[in-house]
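Enquirer:
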Amino acid sequence: MKSRDHALALVSSRLGWLAIASAIVLAVGGTMAPDRIWSNLLIVGVYAVTLALGGALFIALTYVANASWNVAFRRVPEAMAVVLAPAGVGLLAVLAARCQQYAWHPQNGEADAGTFWFKELWTNPTFWMIRAVAYIAIWLLLSRMLVAASRRQDHSQGLGFTLFNRRLSAIFLLVYAPTFALASCDWLMLLDPMWFSTIFGVYNFAGMVEATLAIMIILSIILRRRGPLRGIFTDDHLHDLGKLLLGFSCFWMYIWFSQYMLIWYTNMPEETAYYLLRTGGPWGPLMIANVALNWIIPFFTLLPRPWKRNESIMLKIAVIVLLGRWLDLYIMVFPATVGTTPMVGIWEAAGGGLAVGLFGWLFFRAFTKVPAVPSGDPLLAESLHYHC
Amino acid sequence: MSERLLLAKFGHEDDLLASCKELRRHDYKIVDAFTPYAVHGLDRAMGLEPSRLTWVCFLCGMIGAIGMLIFEYWVGAISWPVDVGGKPWNSLPSNVPVAFETAVLLAGFGSVFALFGVSRLYPGKAVRPEFDRVTDDRFILVLAETDARFDPAEVKHLLRPFNLLELEERVVSAGGVPS
Chain A
1 MKSRDHALAL VSSRLGWLAI ASAIVLAVGG TMAPDRIWSN LLIVGVYAVT LALGGALFIA
61 LTYVANASWN VAFRRVPEAM AVVLAPAGVG LLAVLAARCQ QYAWHPQNGE ADAGTFWFKE
121 LWTNPTFWMI RAVAYIAIWL LLSRMLVAAS RRQDHSQGLG FTLFNRRLSA IFLLVYAPTF
181 ALASCDWLML LDPMWFSTIF GVYNFAGMVE ATLAIMIILS IILRRRGPLR GIFTDDHLHD
241 LGKLLLGFSC FWMYIWFSQY MLIWYTNMPE ETAYYLLRTG GPWGPLMIAN VALNWIIPFF
301 TLLPRPWKRN ESIMLKIAVI VLLGRWLDLY IMVFPATVGT TPMVGIWEAA GGGLAVGLFG
361 WLFFRAFTKV PAVPSGDPLL AESLHYHC
Chain B
389 MSERLLLAKF GHEDDLLASC KELRRHDYKI VDAFTPYAVH GLDRAMGLEP SRLTWVCFLC
449 GMIGAIGMLI FEYWVGAISW PVDVGGKPWN SLPSNVPVAF ETAVLLAGFG SVFALFGVSR
509 LYPGKAVRPE FDRVTDDRFI LVLAETDARF DPAEVKHLLR PFNLLELEER VVSAGGVPS
């Protein structure tokens, strides 16, 4: 027991140091290249918030589907959902600090004069900030309630908390769908205020779920190797997470292509501007790399059954998908805020380090606070003997 | 040519799984198992090899996707070029949806018909041998009495601890049981 805690504490403290080192680098960079630092912090914020929110979404989906297979490792997405509080506050701070980075901000002149009246209203900085606070507050409230009920179930018996969480999950999903679509438009699509895509919310949903599954695979494997989930998180669980990752990888590609093809086909200047900027010159190879990391590599490597049950292969695929998610956000943010040349250097590396370090450190802190297995859940036995 | 089969009948899936392992430990070859529903872990207990159907599915899907891309290129750029919105003849994005659909179609058809072919299922095929209650609450293990070494009495002795309900010998013509 002692050595287990020690092994986890070691991982946790290393991640903490990584976060601190990255934060120092970013703070130094804040004076040298503020635009790039801000863009990196926006990516880190969105990345961490969507991963944490993805944990809550995974819990809600499995409750609504009356699933039992995931119960044995449900504390993993629960601990991810707990990270939503610090991640959300961090993202709100980033948004509030450099709101004028968005081209529609009044400080940037009257560039948007003459657009649709509703868009002018929608991009009012105060209203925009209030909405951001509201999205995060609603997600936080619902996800904390889900996690709290699951934790209280440890000390009780019967179906009460399961039924409560199932109802709450249905509400969560109904609330999540419109708020997340709007949030991704507010935070990312409005970086190009004149550009619009009606599928943008779905596109971000696909990327979010894909990355969530990848991080769940990584964290569960670490927890299995380091002790708490040894003998609990089985190859069958890993296999099913792999199947879901394969499915959502294809879904991401489907939505990516749906967005691209319609804009390519209709060929209207106000829509194609987005892709002209992102497929031309040095961005072209990055666009292809994005598709390769998020779909081509995961698709072909996740097809064979033995590979989905292989810990070290799954670990590598999950890391590739998480890199792909970062590149996806990078391609959405950087052309609009930094400029036409892609720049990847120490600031971007520090941004990545901050995301990994902070999210990982907060996750392990949340995970080790409560028992590693939801012992009061009536479906736990079924999950422990799960065979797929 | 006919075959002598030994049918062991059980009332519970756990008995079936345990007796599968016990028989295989004594080098008996299990021809098939019939159950009312998919029993988890039965493939492993019977010692079945991994299915090769996935490869059929994958290859058919690839043939569908690549074949359709080539066909669309030939139609759109070589045989009958039509100007659509000033796009180039060989516009890949417009070819992708149909290539995707064809991949799904061929992968689906390919796997289903490969499954039918391998298990020799065709319209009007007679059901042989017939099993009572196997779609309801009986679990049946089929053993082939292949050589002189095969001893039904020993099998009966081996399976008794697993709540064996009934042991039945049958002679069927070849091809009666999908193998």
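Heads up: the sequence lines are chains A and B, in that order. Okay, so the first sequence: first residue is 1 according to my numbering, each after it adds one. Okay, so the second sequence: first residue is 389 according to my numbering, each after it adds one. For each residue, glycine too, the CB sits at the ideal point set by N, CA and C. What you are looking at is a predicted structure, and each value in this text was computed from that prediction instead of being measured.
(1) Starting from A103/A, follow the alpha helix (DSSP H) in both directions and report where the run begins and ends.
(2) Buried or exposed, going by whether 16 or more other CB atoms sit within 10 Å of the CB of D192/A?
(3) Under 9 Å, CB to CB, which of the residues in the region 251 to 275 of chain A have a partner in chain B?
(4) Kindly indicate if chain B contains any beta-carbon less than 8 Å away from that of L277/A.
(5) Express the C-alpha separation of G339/A and Y102/A in angstroms, rounding to a whole number.
(6) Flag this pair as touching only if the region 32 to 45 of chain A and the region 333 to 348 of chain A have three or more C-beta atom pairs under 8 Å; answer yes or no.
(7) Using alpha carbons as the reference points, say which of A183/A, A273/A and I171/A lies closest to F127/A.
(8) Which chain A residues are close to H428/B, counting only those with a beta carbon under 7 Å from its beta carbon?
(9) Would L379/A count as contacting chain B if we go by Cβ distances under 8 Å?
(10) Per DSSP, which one or two residues make a beta bridge with E554/B?
(11) So, F233/A versus R226/A, is the Cβ gap smaller than 8 Å?
(12) List the whole-angstrom C-beta distance separating A433/B from K409/B, where the pair is believed to meet the contact cut-off of C-beta under 8 Å.
(13) When you compare the region 321 to 340 of chain A with the region 277 to 294 of chain A, are there three or more beta-carbon pairs, one atom per stretch, that lie closer than 8 Å?
(14) Quick check: does the Cβ of A183/A come within less than 7 Å of any heavy atom belonging to the ligand MN?
(15) Looking at chain A, is there any beta carbon in it that lies within less than 8 Å of the beta carbon of G496/B?
(16) Under the DSSP definition of a beta bridge, which residues are partnered with M530/B?
(17) Can you list, in chain order, the residues of its chain whose CB lies under 8 Å from that of C493/B, leaving out five sequence neighbours each side?
(18) Tell me which residue opens and which closes the alpha helix (DSSP H) that L159/A is part of.
(19) Could you name the residues of the same chain whose beta carbon sits closer than 6 Å to that of G464/B, not counting the 5 residues immediately before and after it, in chain order?
(20) Expressed to the nearest angstrom, what Euclidean distance is found between the alpha-carbon atoms of Y260/A and V484/B?
(21) I want to see whether chain A comes within less than 8 Å of F550/B, judged by CB atoms only; does it?
(22) I need the DSSP call for Y510/B, collapsed to helix, strand or coil.
(23) For P438/B, which residues in chain A fall below 9 Å Cβ to Cβ?
(24) Quick check: what's the CA-CA separation for E542/B versus Y386/A?
(25) Measuring only the C-alpha atoms, how far is H428/B from M253/A?
(26) Short of 6 Å in beta carbon distance, which residues of its chain neighbour R391/A, apart from the five on each side in sequence? Order them along the chain.
(27) Relative to the C-alpha of L286/A, which candidate in W326/A, L379/A, A79/A and P304/A has its C-alpha closest?
(28) Return the chain-ordered ranges of every alpha helix (DSSP H) run that is complete within the region 114 to 193 of chain A and spans a minimum of 4 residues.
(29) Can you tell me where the alpha helix (DSSP H) holding I255/A begins and where it ends?
(30) Interface residues of chain A around P484/B at Cβ under 9 Å?
(31) So, F363/A versus L8/A, is the Cβ gap smaller than 8 Å?
(32) For V209/A and N267/A, I'd like the C-alpha separation in whole angstroms.
(33) List, in chain order, every chain A residue whose beta-carbon is nearer than 7 Å to that of F527/B.
(34) Hey, does G473/B have any beta-carbon neighbour from chain A nearer than 8 Å?
(35) Have a look at G498/B and H237/A and give me their C-alpha separation to the nearest angstrom.
Expert: Walking through what the data contain:
(1) That residue, A103/A, is in no alpha helix (DSSP H); it is neither H nor E in DSSP.
(2) buried
(3) Y254, F257, Y260, M261, W264, Y265, T266 and N267
(4) no
(5) 13 Å
(6) yes
(7) A183/A
(8) H387
(9) no
(10) K397/B
(11) no
(12) 5 Å
(13) yes
(14) This structure does not include the ligand MN; it has no bound ligands of any sort.
(15) no
(16) Note that residue 530/B corresponds to Val in the displayed sequence, not to Met. V530/B is bridged to L395/B and D420/B.
(17) Looking at the sequence itself, residue 493/B is Leu, so the reference to Cys does not match. Hits under 8 Å: G452.
(18) No alpha helix (DSSP H) holds L159/A; DSSP gives it neither H nor E.
(19) W477
(20) 12 Å
(21) no
(22) coil
(23) R305 and P306
(24) 34 Å
(25) 33 Å
(26) Because residue 391/A is not part of the residues shown, which for chain A are 1 to 388, the question remains open.
(27) W326/A
(28) 117 to 122, 125 to 152 and 160 to 187
(29) D235 to T266
(30) The question names Pro, yet the displayed sequence has Val at residue 484/B. The contacting residues are F257 and M261.
(31) no
(32) 30 Å
(33) Simply none; closest approach about 17 Å.
(34) yes
(35) 29 Å
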